[in-house]
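Colleague: Going by the numbering used here, the first residue of the sequence shown is number 203, and it counts up by one from there. Let me begin by handing over the structure; questions about it come next.
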Amino acid sequence: MNLFENPKLRIEQLSESLNQHNYDYYVLDKPTISDFEFDALLQELTLLEKAYPDCVLPNSPTQRVGGEITKMFKSVEHRYPMLSLGNTYSFEDLKDFDERIKKLVSRDFSYICELKYDGVAIGLRYENGLLTQAVTRGDGIKGDDVTTNVKTIQTIPLKLNGNDFPADFEIRGEIIMSHKSFESLNKSREEDGDDLFANPRNAASGSLKLQDSREVAKRKLDCFLYFLLGNEWVENTHEERLNKAQDMGFNTGHFFQKCENLNDVFDFINKWDEQRKKLPFDIDGVVIKVNEIKLWETLGYTAKSPRWAISYKFKAERVETKLQSVSYQVGRTGSITPVANLAPVKLAGTTVKRASLHNADVMEKLDLCEFDTVFVEKGGEIIPKIVGINQEKRDMFAQKIHFITNCPQCQTPLIRTDGEANHYCPNEDYCPPQIKGKIEHFISRKAMNLDSLGEGKIEMLYDNGLIKNVADLFDLNSDQLFGLEKIMIGEEGKSKIVSFREKSVENILNALERAKTVPFERVLYALGIRFVGETVAKKLAKHFKTIQNLSKATLNELLEVDEIGEKIAESVLLYFSKSDHLELIERLANKGLQLEVHEDLLTPKSTILEGKTFVVSGVFSKPRDEIKALVEQHSGKNTSSISAQTSYLLAGDKMGPEKLKKAERLKIPIISETELLAMITPSV
Ligand code: IVH
């Protein structure tokens, strides 16, 4: 059939089949077509939807990539309150639960045991088989409408399989982030100098509240569904309902099990207490539910939770050890973290010597005294936690430990802003870890990209008194650098020698020379002004054109810039109010760094590449950034990964084989640097 003969029908067919393939891949883990075939179908659908926007279906799989922005999450009342579960911590508690039920019901019944996913509760509403609303728990009565973001989660069906379900119903479950996604998210946040998420639950919750759904799509959230609401279901047991949910296309996780008696429940708990260590996501217990739905009515609800279900929380492994001292770490941004140094003790397979005390409030709550005997646990967080003090073992003359008042690195009095948990050292330009942090940010890939200075070299230069700020980098010469040596001790105690040999000295000096061509917007980002990320830096550069103008801008002038709010504006004002910063900028200007916007950022040279998306990969005759800038100067767009939306793969030397393979599979034209130049050179 000609694609455009009946585009509406073809769009329907493609959406239907891609949704089924998504389900096979993400939920069943049994794909029936190759990635290549999938991407080809998705590309066909994307093209058709672009040509016939009126025919786009609400359940189109193209929605998964996100794109919509939610400025404010609407508050929505739950149709059924979102209840919680009673918690138990021992088998004794579970025996009581079982006995309570047996007193109230006279017939035989069974339990369904499920995993207790450690994530964020969500209610999904389906009308005529289409996902129409996704609401967070909130206070249990009202929650936030996060539909746009939830639609990016691959395992949540936008349209249900078949048509045998109520016209309007709700299903509830838990949105989680896998360990793998959590680790890669935190790794990239670390690279960008953003605060890290403490655990996958916090990361999932933070991700759901992002305004840009395209960003949510990148976070790779997942969702397990465990509760169908309403009386319209014909299935009489919870087990049948879970199977029904699975048939409709929901991911129920397959981990649930029917248990005929309490002993089976205990076996399930023991099994998962052991096996949870191997799961790719966090669970914090097991949920036990009466299987027969008729009994749910008989048993009823308390104000907060159902009487037909309960959760059993796993015990975090806990040990006792002696506190030796408390030290205070100063982060790159000046935040102070108290750390307990402990007598080494074995816990959940590793030897623990230190535990984070987080902040002054946590220390105060523990009422920590010198040489206390403390209880340490490894919970959901990666770093072990002190959860209490063994009062019986406390020395009667023990002195209480008070939070420090001055920075342990530079002795500046610490500050604590109202409402914030952390103390900060305000001496951002002269406090050693903050200086190093600022310089490390300056040289990072997305900033000045001075990778030949990475891997401990900054520390070495700083420790040898050669650099105290980013401008000092440009005063370095080969005499100072040659022969510098330092033994670095890595995380696992392995040591390595970092030294400046002839080649590395040459590389460093060349890189510093090249840095003088880095465009203004990236220099601005590299300065590390609080809250000025890559995008904000670009906006400010475009708007104010020179660092001179920006440094003189008033609050109102800053607020006039698109998407610059008070927090950013005030931080920019504060930065330029310091004479040290103005001096630093003058030195950078004298060294020849770009502190004015290049015309190319303001006016494109042509619109010849408008609507075209490029992936630039490999080594070219000039730095890759310059090639990318060329694309942008001619109104093209750069992205980092190949997808059905990519127009061209611009291939240089030594390009990774994966990219090439993917482009070939998706039939994306592969062009060379010369071909790009030909494209943007006007024909005569
Ligand atoms: S059932 C009315 N099942 O744990 C019953 N909840 O501490 C509703 N949770 O609010 C909940 N895994 O956010 C249920 N398999 C599971 C669960 C689960 C995680 C969460 C859920 C609930 C909280 C209670």
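Virtual Cβ for every residue (Gly too), placed ideally from N, Cα, C.
For D764, tell me which candidate among E788, T748, V738 and V528 has the shortest Cα-Cα distance.
Modeller: V738
Colleague: Which word fits R302, buried or exposed, when buried means at least 16 other C-beta atoms lie within 10 angstroms of its C-beta?
Modeller: exposed
Colleague: For I585, does the count of other Cβ atoms within 10 angstroms reach 16, so buried, or fall short, so exposed?
Modeller: The residue in question, I585, is exposed, as its Cβ has fewer than 16 Cβ neighbours within 10 Å.
Colleague: Touch check for the stretch 375-393 and the stretch 318-333: three-plus C-beta pairs under 8 Å?
Modeller: Touching, yes.
Colleague: Exposed or buried, K506, counting other C-beta atoms within 10 Å across all chains shown (16 or more means buried)?
Modeller: exposed
Colleague: Considering only DSSP beta bridges, list what P540 is partnered with.
Modeller: Y530
Colleague: Measuring alpha carbon to alpha carbon, tell me which of E476, P209 and I314 ends up nearest Y254.
Modeller: P209
Colleague: Going by the beta-carbon positions, is the gap between A419 and G658 smaller than 9 Å?
Modeller: no
Colleague: Enumerate in chain order the residues of its own chain whose CB-to-CB distance from D449 is below 8 Å, with the five nearest sequence positions on each side excluded.
Modeller: Same-chain partners within the cutoff: N363 and G364.
Colleague: Considering only their Cβ atoms, is the gap separating L410 from V492 smaller than 9 Å?
Modeller: no
Colleague: So is the beta-carbon of V489 under 8 Å away from any non-hydrogen atom of the ligand IVH?
Modeller: yes
Colleague: List the whole-angstrom C-beta distance separating L790 from A649, where the pair is believed to meet the contact cut-off of C-beta under 8 Å.
Modeller: Their Cβ separation, rounded to whole angstroms, is 13 Å, which puts L790 and A649 out of contact at 8 Å.
Colleague: Among residues of its own chain, excluding the 5 on either side of I849, which ones have a beta-carbon nearer than 7 Å to its beta-carbon?
Modeller: Looking at the sequence provided, one finds Ser at residue 849 rather than Ile. If we look at S849 and ignore the five residues flanking it on each side, its Cβ neighbours are K814, T815 and F816.
Colleague: With respect to 8 Å, is the separation between the Cβ of R509 and the closest non-hydrogen atom of the ligand IVH below this value?
Modeller: no
Colleague: Buried or exposed, going by whether 16 or more other CB atoms sit within 10 Å of the CB of E239?
Modeller: exposed
Colleague: Roughly how many whole angstroms lie between the Cα atoms of I355 and Y227?
Modeller: The alpha-carbon separation between I355 and Y227 amounts to approximately 13 Å.
Colleague: Under 9 Å between the Cβ atoms of I829 and L878?
Modeller: Against a cut-off of 9 Å, the Cβ pair of L878 and I829 comes out as a contact.
Colleague: If you draw a straight line from the alpha carbon of P615 to that of Y632, how long is it in whole angstroms?
Modeller: Across the structure, P615 and Y632 are spaced so that their CA atoms are roughly 13 Å apart.
Colleague: Taking the alpha-carbon positions, what's the E594 to S513 distance?
Modeller: Approximately 32 Å, taken between the alpha carbons.
Colleague: Could you tell me which of F684, T719 and L711 sits nearest to F889, measuring between CA atoms?
Modeller: Given a span of 203 to 886 for the chain in the structure shown, any question on residue 889 remains unanswerable.
Colleague: By DSSP, does Y632 sit in helix, in strand, or in coil?
Modeller: Coil, per DSSP.
Colleague: Considering only their Cβ atoms, is the gap separating G639 from R534 smaller than 9 Å?
Modeller: yes
Colleague: Quick one: measure Cβ to Cβ for A557 and I588, integer angstroms, because I've assumed they're closer than 8 Å.
Modeller: At roughly 5 Å, the Cβ-Cβ gap stays under 8 Å, so A557 and I588 are in contact.
Colleague: Would you kindly check if the distance between the Cβ of L797 and the Cβ of T748 is under 9 Å?
Modeller: yes
Colleague: Measuring from the CB of Y319, is there a heavy atom of the ligand IVH at a distance below 8 Å?
Modeller: In this structure, the C-beta of Y319 approaches the ligand IVH to less than 8 Å from one of its heavy atoms.
Colleague: What residue ranges within the stretch 659-730 form continuous beta strand (DSSP E) runs of no fewer than 3 residues, ordered along the chain?
Modeller: Counting only runs of 3+ residues, the beta strand (DSSP E) found wholly inside the stretch 659-730 occupies 687-691 and 697-701, in chain order.
Colleague: What's the call for N351, buried or exposed, on a 16-neighbour Cβ count within 10 Å?
Modeller: buried
Colleague: How far does the alpha helix (DSSP H) with K496 in it extend, from its first residue to its last?
Modeller: I495 to L501
Colleague: Check whether the stretch 562-574 and the stretch 517-537 are in contact - that is, three or more C-beta pairs closer than 8 Å.
Modeller: In short, these stretches touch, since the Cβ pair count reaches three.
Colleague: Is L423 near the ligand IVH, with its Cβ less than 8 Å from a heavy atom?
Modeller: Taken from the Cβ of L423, every heavy atom of the ligand IVH lies 8 Å or farther away.
Colleague: For the ligand IVH, is there a heavy atom less than 8 Å away from the beta-carbon of E877?
Modeller: No.
Colleague: Using only alpha-carbon positions, find the residue among V774, N709 and N463 that is nearest to G735.
Modeller: V774
Colleague: Please work out which residues of its chain come closer than 8 Å, Cβ to Cβ, to F346, disregarding the five sequence neighbours upstream and downstream, and give them in chain order.
Modeller: Position check: residue 346 holds Asp in this sequence, whereas Phe was assumed. Answer for D346: F275, K276, S277, V278, V337, T338, G340 and K411, listed in chain order.
Colleague: Just list the beta strand (DSSP E) runs in the stretch 269-299, keeping only unbroken ones of 3 residues or longer that don't cross its boundaries, in chain order.
Modeller: 277-279
Colleague: Identify whether K517 lies in helix, strand or coil by the three-state DSSP scheme.
Modeller: coil
Colleague: In the structure shown, what three-state DSSP assignment does V886 receive?
Modeller: Note on V886: pLDDT 46, under 50, position unreliable in the model; no value is reported.
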